[in-house]
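Chains as they are written, first to last, in my numbering: chain A, 2 to 238; chain B, -2 to 591. Report on the following structure.
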Amino acid sequence: MAMITFKINRYNPDDERRGHCVQEYKLDVQKGQTVLDCLNEIKWHQDGTLTFRRSCRSGICGSCAMTINGVNNLACEVQALALKSNVVTVEPLRGYTVIKDLVVSLDPLVDGLLAVKPYLIAKTPPPTDHERLQSPEEREKIDGLYECILCGACTSSCPSFWADKKYLGPHAFLKAYRFVADSRDEGQQEHMEALDDKHGLWRCHTIFNCVEACPKDLNPTKAISELKKELVKQKMG
Amino acid sequence: MATIDPETIHDVEGVGVHNVHRHDVVVVGAGLAGLRAAVEASEEFDVAVLSKVFPTRSHSGAAQGGIAAALSNEEEDHLEWHFFDTVKGSDYLGDQDAIEIMVREAPIVVREYEHYGAPFSRTPEGRIAQRKFGGHTKDFGRGGPVLRACYAADRTGHVLLHTLYEVCIKNGVRFYPEFFALALIVEDDVCRGVIGWDVINGGIHVFHAKAVLFGTGGYGRVFKITSNALSSTGDGLSLVLRAGLPLEDMEFVQFHPTGLYKQGILVTEGARGEGGYLLNGKGERFMEKYAPEKMELAPRDLVSRSIQTEITEGRGINGEPYVHIDITHLGEEKIMRQLPQIHELAWKFLHVDCIKEPIPIQPTAHYSMGGIPVNKNCEVLADGKEKIVEGFYAAGECACVSVHGANRLGTNSLLEASLFGRRAGKSIRRFLRETREFPSLPADAAKGAIDQVNRLLSADGTERVADIKAELQERMMADCGIFRNPEKLSAMFDELRSLEARFKNIGIDDRSPRFNVDLIEALELCHMLDFAELIVAGALKREESRGAHSRTDFPKRDDENWLKHTLAWRKDGKITFDYKPVVITRFQPKERTY
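Take a look at the structure:
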């Protein structure tokens, strides 16, 4: 058990006078408590106005992505004591518009996603009485891609996105490659149409922030480099 | 009744012009049931989906182990075997006509998922891979466990949810993400739409519809230890009760045997399906005593009772209230390929490396078998029996068809949500082909919702929502959990009345309309208090033990008096009951052993 001071970024759109500020809360933290547990404790017993998204609290829904001690993560997956610090800073994900406290607008996340036509494009009709066949080796090619939970941590960490809010973002590229690499997909060009653009793939400068930020240990940068190769291949005909 | 001409719908009292929306179909809830219905209906009609969380955050995504279908991809299997297992698993309370439909359509639904692009794990031949799960057996229970659960590693719910979201995008489904449903508009047994709260911006919205579908999910959060998300608060059930409609079989709540100790987070039954053992404090595989044949792969109600008995009798690990699930013998390669998420969860939440050491687990509230009574076409039943509410549909965990009866088998929930979501979508299409006009809206349709929100936003009493909620969860766990007795249930009933009284004196801190989670949590608690009484009162009435409902004073199943479904209404704080017979077509009830 330890007393931790949480320094939390606050912003209430209905209180323009206060604007953006940092508020401190102290909490006795028990072993096993995650940062999300701590935020809930504060909200439930100290200050009901503290606002953040949360749902599954088991790392699969992606609601509680935020910046904890400077690092993007899911609050529900970070053990508070493991931070080994009696001061913990909690900020909303960077790069997105803040709606209130730790809640950010997901609009850029959805826009980037929609641009890559994020669904299986199959032109050959599937068999009527059974599944399409896909070998375990073919299926393995989308491991590390299909697990994305759309939490937004990667795109929030990306300097290209900070500079250009229309930049599609690593999450969108990861999703595009999840379909391009799927042996059943026949719409490679459709998925990649939006990528060869000033807000697209070429604005990735392989800084690898997205890889570091992903709470699910996925590798958007690798997906991006594979897509770049595909795009070059398409262009060279 | 003052009604509004459907052509001038912008005149709902107290609601701004831009906050009135009109869609052929309004779906509430973006889990598998809601999205599968949306996919189906959007092939032909204009569909909107309201969800209190962003669609891919819905709790279906947390399902791990698989979706059942007798595909025979890995070994011999038959629809009839799946039929029998589900009936027996339900402790004979499941309606056999509905179960028959489910097992017949299961292969179609699973293959459609594959056609939509879901990345299932594969067999060496390239077919959808299948694994064992509790209660799913060969040869009408005479053989061993059968490979029937179609899976994508241990992320099956995640891949199905994301796949449906993707198809919805493709089909142009209109999403209203982070909209919280406040009320259902039903008059004269005709459903006319839904009142919603825009969480992001604040504000009441009216959704005027020809058809409304509820896929609003379960309510594990009524209990202290639960596998469910913080948002699984059963909101839809409360809205249905308030519209004067009944709920069915609410006393049947499933406790999943393996939740991470203290957290309740799900450890998939797939862990046992892949060969995991349950061990008590003495290191014994205690399931030998309770289910000598099926062992760890007995159904959930039985395994949860066994674990609870071990704990109560002092055979937990070091006498503590948990036991172990041990998968170390599966080896690193298999664990990382088949159960990667379990490895991640055990490590992140308990700091246990399940490749090297067993995982501490305890039973966790997981699934509600009961819910909104619907017929096989997912039409909601106004009297719980035959009379339908026109234009109102429900599917998935919030609904009661009833395919799960008194106990659901693992992997039948993803199946039910998807399959009956699909059926609901098809019924809605049939209904809309014959329905040109929008139903009229009462001019004061939003009045109740507006009053409720205003009341809560200005609530300045001395009680905290969090305290009332914590007490509700703790007491429900202790007094209405795995084992029940009339003394505790009666005490719980009184407790609920006192919690309701306390709720009238709550205060909330956050008064701002925008992204007010304080308000949402108060609404959710109010919903849970609404229907929790039905769980307790139903459990008190049902003097027998069947499936997940286990009464220590009536330890046997009583087919003579209780082979029937409970229907319960709540009007002006008073509960009334009715009952209806179980549909039995093929399998006569017999003793249930594993």
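Don't be surprised by glycine CBs; every beta carbon is placed ideally from N, CA and C.
Can you find a CB in chain D that lies within less than 8 angstroms of the CB of residue i?
i: V72 of chain A; result: In summary, chain D is missing from the structure at hand, where the protein chains are A and B.
Could you check the C-alpha separation between residue i and residue j for me, to the nearest Å?
i: R55 of chain A; j: M237 of chain A; result: 46 angstroms
i: E17 of chain A; j: V50 of chain B; result: 26 angstroms
i: L522 of chain B; j: V462 of chain B; result: 7 angstroms
i: D575 of chain B; j: A565 of chain B; result: 6 angstroms
i: D93 of chain B; j: R145 of chain B; result: Reading the sequence as shown, one finds Gln at residue 93 of chain B and not Asp. Distance between the alpha carbons of Q93 of chain B and R145 of chain B: 20 angstroms.
i: K32 of chain A; j: R179 of chain A; result: 38 angstroms
i: S542 of chain B; j: E354 of chain B; result: 36 angstroms
i: G169 of chain B; j: V533 of chain B; result: 43 angstroms
i: Y258 of chain B; j: T52 of chain A; result: 28 angstroms
i: G13 of chain B; j: A442 of chain B; result: 13 angstroms
i: A66 of chain A; j: E387 of chain B; result: 41 angstroms
i: C205 of chain A; j: A164 of chain A; result: 12 angstroms
i: L299 of chain B; j: G233 of chain B; result: 29 angstroms
i: A81 of chain A; j: C155 of chain A; result: 22 angstroms
i: G145 of chain A; j: P116 of chain B; result: 12 angstroms
i: S86 of chain A; j: P160 of chain A; result: 27 angstroms
i: L232 of chain A; j: H192 of chain A; result: 11 angstroms
i: V22 of chain B; j: C62 of chain A; result: 26 angstroms
i: L196 of chain A; j: K118 of chain A; result: 11 angstroms
Does any C-beta atom of chain B lie closer than 8 angstroms to the C-beta of residue i?
i: T52 of chain A; result: yes
i: D48 of chain A; result: yes
i: I61 of chain A; result: yes
i: Q189 of chain A; result: no
i: M43 of chain A; result: The question names Met, but residue 43 of chain A in the sequence shown is Ile. Answer no: the Cβ-Cβ gap between I43 of chain A and chain B never drops below 8 angstroms.
i: H131 of chain A; result: yes
i: S64 of chain A; result: yes
Measure the beta-carbon distance from residue i to residue j and round it to whole angstroms, keeping in mind my assumption that it falls under 8 angstroms.
i: R419 of chain B; j: E37 of chain B; result: 5 angstroms
i: F155 of chain B; j: G62 of chain B; result: Checking the sequence, you will find His at residue 155 of chain B rather than Phe. About 12 angstroms; that fails the 8 angstroms criterion.
i: L469 of chain B; j: A529 of chain B; result: 7 angstroms
i: G407 of chain B; j: L336 of chain B; result: Incorrect: roughly 14 angstroms between the Cβ atoms, too far for contact.
i: H401 of chain B; j: G214 of chain B; result: That pair is no contact at about 15 angstroms.
i: V203 of chain B; j: E175 of chain B; result: So it is not a contact: roughly 17 angstroms between Cβ atoms.
i: A182 of chain A; j: I225 of chain A; result: With a Cβ gap of about 13 angstroms, A182 of chain A and I225 of chain A do not count as contacting.
i: V164 of chain B; j: Y26 of chain A; result: Not really, about 43 angstroms apart at Cβ, beyond 8 angstroms.
i: A208 of chain B; j: F428 of chain B; result: 6 angstroms
i: G231 of chain B; j: H524 of chain B; result: 6 angstroms
i: L29 of chain B; j: V579 of chain B; result: L29 of chain B to V579 of chain B, Cβ: 26 angstroms. No contact.
i: I356 of chain B; j: L347 of chain B; result: 7 angstroms
i: T563 of chain B; j: R539 of chain B; result: 7 angstroms
Give a yes or no on whether the minimum CB-CB distance between residue i and chain A is below 8 angstroms.
i: H155 of chain B; result: yes
i: M(-2) of chain B; result: With a pLDDT of 42 at M(-2) of chain B, under the threshold of 50, the modelled position of that residue is not reliable, and the figure given next carries that caveat. False, the Cβ-Cβ gap to chain A never drops below 8 angstroms.
i: P436 of chain B; result: no
i: V50 of chain B; result: yes
i: E73 of chain B; result: no
i: Y113 of chain B; result: yes
i: S235 of chain B; result: no
i: I197 of chain B; result: yes
i: E271 of chain B; result: no
i: R239 of chain B; result: no
With distances taken Cα to Cα, identify the nearest neighbour of residue i among the options.
i: K199 of chain A; options: A:L175, A:K167 and A:H172; result: A:K167
i: E77 of chain B; options: B:N70, B:L90 and B:I96; result: B:I96
i: L115 of chain A; options: A:E92, A:F174, A:Q24 and A:K44; result: A:F174
i: C395 of chain B; options: B:G141, B:Q449 and B:E376; result: B:E376
i: V105 of chain A; options: A:L94, A:L228 and A:S226; result: A:L94
i: Y411 of chain B; options: B:A60, B:V23, B:A34 and B:G31; result: Correcting the residue identity first, residue 411 of chain B is Leu in this sequence and not Tyr. That would be B:A60, whose Cα lies nearest to the Cα of L411 of chain B.
i: A123 of chain A; options: A:Y97, A:D130, A:S64 and A:D186; result: A:D186
i: L560 of chain B; options: B:T361, B:I581 and B:V106; result: B:I581
i: I201 of chain B; options: B:C188, B:D185, B:I222 and B:F177; result: B:F177
For residue i, is the classification buried or exposed, using 16 other Cβ atoms within 10 angstroms of its Cβ as the cut-off for buried?
i: K279 of chain B; result: exposed
i: M247 of chain B; result: buried
i: I208 of chain A; result: exposed
i: G49 of chain A; result: buried
i: H253 of chain B; result: buried
i: R452 of chain B; result: exposed
i: K345 of chain B; result: buried
i: E245 of chain B; result: buried
i: D218 of chain A; result: exposed
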